[in-house]
Amino acid sequence: MPAGLTRKAESVITLQCVGRGGTQKENAMRLIDHLRQIYQYREILYFLALKEVKVRYKMSSLGFLWAIVLPFGQMVILSFVFSMVMRFDIEAYPVFLMVGLLPWTYFSMVVHGTIGSIPDNANLVKKVYFPRDLLPIASGVSILFDYSISLIVLFPIMLFFGVPITPRILWLPFILVLQMMMAIGTCLIFSGLNVFYRDVRYIKDLVLMIGFYASPIFYPITQVNRNLSGMLLDIYHLNPMIGLIDLYRSMFYTQTIPPLWPIVYTFAASLALLLTGLVLYDRIERRFADLV
141 MPAGLTRKAE SVITLQCVGR GGTQKENAMR LIDHLRQIYQ YREILYFLAL KEVKVRYKMS
201 SLGFLWAIVL PFGQMVILSF VFSMVMRFDI EAYPVFLMVG LLPWTYFSMV VHGTIGSIPD
261 NANLVKKVYF PRDLLPIASG VSILFDYSIS LIVLFPIMLF FGVPITPRIL WLPFILVLQM
321 MMAIGTCLIF SGLNVFYRDV RYIKDLVLMI GFYASPIFYP ITQVNRNLSG MLLDIYHLNP
381 MIGLIDLYRS MFYTQTIPPL WPIVYTFAAS LALLLTGLVL YDRIERRFAD LV
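The sequence shown runs 141 to 432 under the working numbering.
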């Protein structure tokens, strides 16, 4: 068998073995040990994240101001299209839209920016030992810098449209943890599989495009509940981003208490994504040096 096909076959066998072997207790202990290693290498995580931030704006004229210009420009364009052209009759629509864009933009930036984190750092992967999932996690952490700047821009927009800033903003740290769990879990799965199958890069683009339109970013969830029913509505509500956006709107826009079930489901889905990504890396990262 040719060498290329041999490596491909070995890759398939490796992926088929993910999640197999060992009792539940052994698998749990293995995951705990992997998390302990990540904690032990936390200084590398810090320096990798810092390097990502510096490299991102190193040759840029505007620098970190792009973290303000891009989301603000997107908000202006979408606000014009959906409030003036398509006539969404929603009070303070730019605030409604910006609050929905923030969590989605962070999620999409993390998934898009980390898909090639292993091949792009091939020399580091081959020469130095550290938990390989630190590479995509560091990218996800570094994007928090851009996100924080975009979040600050939201406050003057809220005041301009007469939307008050309430104590519900104190829920933001919890929501950020939830948001990072979802984004980093997803990027671990995509970036890990991308080492074996480079088609994953294109699947990622398709998933993000579907996710943008299947999330209530520029339209209210009530419109979906009116127009869909039965199995289609149930499938739509499987999207954990719905609960995350609902939490954001409850905190910044409606200032109401969100239903408990979407919060529980979003937390469970985000935790499942994160654990799946961590387990995947723990099982397949030993093969990375041979494939990148």
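All C-beta atoms in this analysis are idealised placements derived from N, C-alpha and C, irrespective of residue type, glycine included.
From the DSSP output, in three-state form, read off K194 for me. Note: K194 maps to helix in three-state DSSP.
Residue range of the unbroken alpha helix (DSSP H) whose run includes W401: 400-424
May I ask you to report which of helix, strand or coil DSSP gives Y337? coil
Near P271, what residues of its chain come up, given a Cβ to Cβ distance below 8 Å and the 5 sequence neighbours on each side ignored? H174, Q177, I178, Y181, Y421, E425
Is it a yes or a no for the segment 264-283 touching the segment 183-190, going by three-plus beta-carbon pairs under 8 Å? yes
How about M391 and I297: are their beta carbons less than 8 Å apart? no
Helix, strand or coil: how does DSSP classify Q395 here? coil
Please confirm if the segment 250-259 is in contact with the segment 227-240, defined as three or more CB-CB distances below 8 Å between the two stretches. No, the segment 250-259 is not in contact with the segment 227-240.
Just to check my reading of the structure: S248 and M321 have Cβ atoms closer than 8 Å, yes? What is that Cβ distance to the nearest angstrom? About 16 Å separates the two Cβ atoms, so there is no contact after all.
Please list, in chain order, all residues of the same chain as A278 whose beta carbon is under 7 Å from its beta carbon, the five residues on each side excluded. Counting only residues of its own chain and dropping the five nearest sequence neighbours on each side, A278 has a CB closer than 7 Å to the CB of L185, L188, A189, E192.
State buried or exposed for G161, treating a residue as buried only when at least 16 other CB atoms are found within 10 Å of its CB. Annotation note: pLDDT 49 at G161 (below 50); position unreliable, coordinate value reported separately. Its Cβ having fewer than 16 others within 10 Å, G161 is exposed.
Given a cut-off of 8 Å on the beta-carbon distance, is the pair I289 and I208 in contact? yes
For the segment 351-359 against the segment 375-388, do three or more pairs of beta-carbon atoms, one drawn from each stretch, fall closer than 8 Å, so that the two count as touching? yes
Quick check on L418: buried or exposed, where buried means 16 or more other Cβ atoms within 10 Å of its Cβ? buried
For F428, collect the residues of the same chain with a Cβ closer than 6 Å to its Cβ; drop the 5 residues on either side in sequence, then sort them by chain order. If you ignore the 5 residues before and after F428, its C-beta comes within less than 6 Å of the C-beta of I258, V265, R272, V335, all in its own chain and listed in chain order.
To which residues of the same chain is V432 closer than 7 Å at the C-beta, ignoring the five residues directly before and after it? I258, P259, A262, V265, V335
Starting from R120, trace the alpha helix (DSSP H) both ways and give me its first and last residue. The requested residue 120 is not part of the displayed model; the chain covers only 141 to 432.
Taking the alpha helix (DSSP H) that G253 falls in, what are its first and last residues? 233-254
Reducing DSSP to helix, strand and coil, say where N379 ends up. coil
Quick check on this structure: which residue in A408, V317, T396, M371 has the alpha carbon closest to the alpha carbon of P304? T396
To the nearest whole angstrom, what separates the beta carbons of G325 and L414, a pair I think is in contact under 8 Å? 4 Å
In this structure, does DSSP put G161 in helix, strand or coil? Its pLDDT being 49, under 50, G161 is placed unreliably by the model, and the measurement read from it follows with that caveat. DSSP, read as helix, strand or coil, puts G161 in coil.
Where I292 and D430 are concerned, what is the direct C-alpha to C-alpha distance, given to the nearest angstrom? 43 Å
Where do the ends of the alpha helix (DSSP H) carrying I277 lie? 274-300
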